[in-house]
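Colleague:
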Amino acid sequence: MLQVNAIGKVYQNGTRALENVTLNVDDGEILAVVGGSGCGKSTLLRLISGLDRATTGTVSVDGVTISEPHPYIGLVFQEPRLLPWLNVADNVGFGLHEPDTTQKGQRIGEALEKVGLSHYAARWPKELSGGQAQRVALARALVNRPRVLLLDEPFSALDAFTRAELQDHLLDLWNESRPTLVLVTHDLEEALFLADHVAVMRPHPGRIAQTFDIALPRR
Ligand code: ADP
Ligand code: ADP
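So for the sequence shown, the working numbering puts the first residue at 5; every next one is plus one.
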């Protein structure tokens, strides 16, 4: 279980980005975090990922406190953030904790297959469309078989067709291993389509104003 325990975040310039945020996400559940710009959504994901530290409160997965990035927590941003000097396969393998070269190649191949890009292993990031690049980012996040997958506006930069395609794709992928998923989005429709629960955030200071469950039988 992912537990966000009364976390607060005050940035060095005094901005109260988060105040007293508490969330519990059961294993294999999908939580969407929605809210306008500046209400602390990205900050929340950075704290859960261990990329940044909370000022107060704790984040834990199965009771273990998260204080730094961990391979079992995958992260996907709005932009793919691929390394331009590495090909697709090496981008996927970049953060893969697997010392055995054969195993490593196999894992990369599997991850690329999952996102439908088996034939793109030797391509360069600049040769990819926006949707393809984001699929590579998804493969890179999945290759470590994360327990928790954090997605920060993963489809916002894509056109509506590509977005719909990747939303479907994400559900398929999630279904295979059912990681706990936290999806930050400003797209309420996306939240309703993908999530089991929705947390609505408010700014100044960033906080959770409301949470609700989605009752639609979707999968
Ligand atoms: P959202 O993702 O919902 O747009 P953010 O988490 O990016 O919100 O930002 C929450 C608040 O914290 C905003 O007021 C933003 O300006 C501020 N903020 C974000 N990052 C920093 C930072 N590194 N230093 C200072 N203030 C920040
Ligand atoms: P989109 O419709 O998503 O914007 P693009 O028009 O960017 O897609 O790309 C369409 C196809 O052309 C994709 O399959 C992509 O891999 C390929 N492609 C795009 N740019 C290049 C490039 N510089 N070199 C080789 N293939 C490319």
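In this text, a Cβ means the ideal position worked out from N, Cα and C, and glycines have one as well.
Remember, predicted model here, so these are calculated numbers, not experimental data.
Who pairs with Ser-64 in a beta bridge, going by DSSP?
Modeller: In the sequence shown, residue 64 corresponds to position 60, counting from 1. Paired residues: Gln-7, Thr-69.
Colleague: Given a threshold of 16 other Cβ atoms within 10 Å of its Cβ, counted over all protein chains shown, does Pro-183 qualify as buried or as exposed?
Modeller: Within the sequence shown, residue 183 is the residue found at index 179, counting from 1. Buried, since its Cβ has 16 or more Cβ neighbours within 10 Å.
Colleague: Rounding to the nearest angstrom, what Cα-Cα distance links Leu-100 and Glu-131 in this structure?
Modeller: Walking along the sequence shown from the start, residue 100 turns up at place 96. Walking along the sequence shown from the start, residue 131 turns up at place 127. Their backbone Cα atoms lie some 23 Å apart in a straight line.
Colleague: Any chance the CB of Ala-21 is under 7 Å from a heavy atom of ligand 1?
Modeller: As a working note, residue 21 is residue 17 in the sequence shown. Under cutoff, so the answer is yes.
Colleague: Can you say whether Val-37 is buried or exposed, counting buried as having 16 or more other CB atoms within 10 angstroms of its CB?
Modeller: Here the question's residue 37 lines up with position 33 in the sequence shown. Val-37 comes out buried.
Colleague: Looking at Ile-218: is its Cβ nearer than 8 Å to the Cβ of His-201?
Modeller: Counting from one through the sequence shown, the residue named residue 218 turns up at place 214. Counting from one through the sequence shown, the residue named residue 201 turns up at place 197. A contact, by the Cβ cut-off of 8 Å.
Colleague: When the Cα of Val-80 is compared with those of Val-14, Leu-198, Glu-193, Ala-137, which residue comes out closest?
Modeller: Position 76 of the sequence shown, counting from 1, holds the residue named residue 80. With distances taken between Cα atoms, Val-80 lies closest to Ala-137.
Colleague: Is there contact here, the stretch 44–52 with the stretch 186–196, by at least three beta-carbon pairs under 8 Å?
Modeller: yes
Colleague: Tell me whether Gly-210 counts as near ligand 1, meaning its Cβ is closer than 7 Å to at least one heavy atom of that ligand.
Modeller: For this step, residue 210 is matched to residue 206 along the sequence shown. Because some heavy atom of ligand 1 lies under 7 Å away, the Cβ of Gly-210 counts as near it: yes.
Colleague: Where are the alpha helix (DSSP H) runs, 4 residues long or more, that stay fully inside the stretch 25–98, in chain order?
Modeller: 45–53, 92–97
Colleague: Taking DSSP's pairing of strands, which residues face Arg-20 in a bridge?
Modeller: On the sequence shown, position 16 is the one that residue 20 refers to. Val-14.
Colleague: Could you compute how far the alpha carbon of Thr-69 sits from the alpha carbon of Ser-160?
Modeller: If you number the sequence shown from 1, residue 69 lands on position 65. If you number the sequence shown from 1, residue 160 lands on position 156. Cα to Cα, Thr-69 sits roughly 30 Å from Ser-160.
Colleague: In the DSSP assignment, what residue or residues form a beta bridge with Ala-203?
Modeller: Stepping through the sequence shown from its first residue, residue 203 is reached at position 199. Partner(s): Val-37, Thr-215.
Colleague: Return helix, strand or coil for Asp-156, following the three-state DSSP convention.
Modeller: Position 152 of the sequence shown, counted from the first residue, corresponds to residue 156. Three-state result, Asp-156: strand.
Colleague: Strictly by DSSP, which residues pair up with Leu-185?
Modeller: On the sequence shown, residue 185 is found 181 positions in, with the first residue counted as 1. Ile-34, Leu-153.
Colleague: Please confirm whether Arg-144 and Phe-98 have their CB atoms less than 8 Å apart.
Modeller: For the purposes of this step, residue 144 is taken as residue 140 along the sequence shown, with counting starting at 1. For the purposes of this step, residue 98 is taken as residue 94 along the sequence shown, with counting starting at 1. The criterion of a C-beta distance shorter than 8 Å is satisfied by Arg-144 and Phe-98.
Colleague: Just to confirm my understanding: we take Gly-135, look at its own chain, exclude 5 residues before and 5 after, and list those with CB closer than 6 Å. What are they?
Modeller: The count along the sequence shown starts at 1 and reaches residue 135 at position 131. These residues qualify, in order along the chain: Leu-162, Thr-166.
Colleague: Take Leu-174 as the anchor and find which of Leu-155, Phe-216, Arg-127 has the nearest alpha-carbon.
Modeller: Translated into the one-based positions of the sequence shown, residue 174 becomes position 170. Nearest option by C-alpha distance: Leu-155.
Colleague: Please state whether DSSP places Pro-103 in a helix, a strand or coil.
Modeller: As a working note, residue 103 is residue 99 in the sequence shown. It is coil, neither helix nor strand.
Colleague: Taking the beta carbon of Trp-178 as the centre, do at least 16 other beta carbons fall within 10 Å, making it buried, or is it exposed?
Modeller: As a first step, residue 178 is located in the sequence shown; it is residue number 174 there, counting from the start. So Trp-178 ends up on the buried side.
Colleague: Indicate, with yes or no, if ligand 1 has a heavy atom lying under 7 Å from the CB of Gly-135.
Modeller: In the sequence shown, the residue the question calls residue 135 occupies position 131. It does not: the Cβ of Gly-135 is nowhere closer than 7 Å to a heavy atom of ligand 1.
Colleague: With respect to the alpha helix (DSSP H) encompassing Leu-198, which residues constitute its N-terminal and C-terminal limits?
Modeller: Indexing the sequence shown from 1 puts residue 198 at position 194. Looking at the DSSP string, the run of the alpha helix (DSSP H) that includes Leu-198 is 192–198.
Colleague: Does ligand 1 have even one heavy atom less than 7 Å from the beta-carbon of Gly-42?
Modeller: Here residue 42 refers to the residue found at position 38 of the sequence shown. Yes, the Cβ of Gly-42 comes within 7 Å of a heavy atom of ligand 1.
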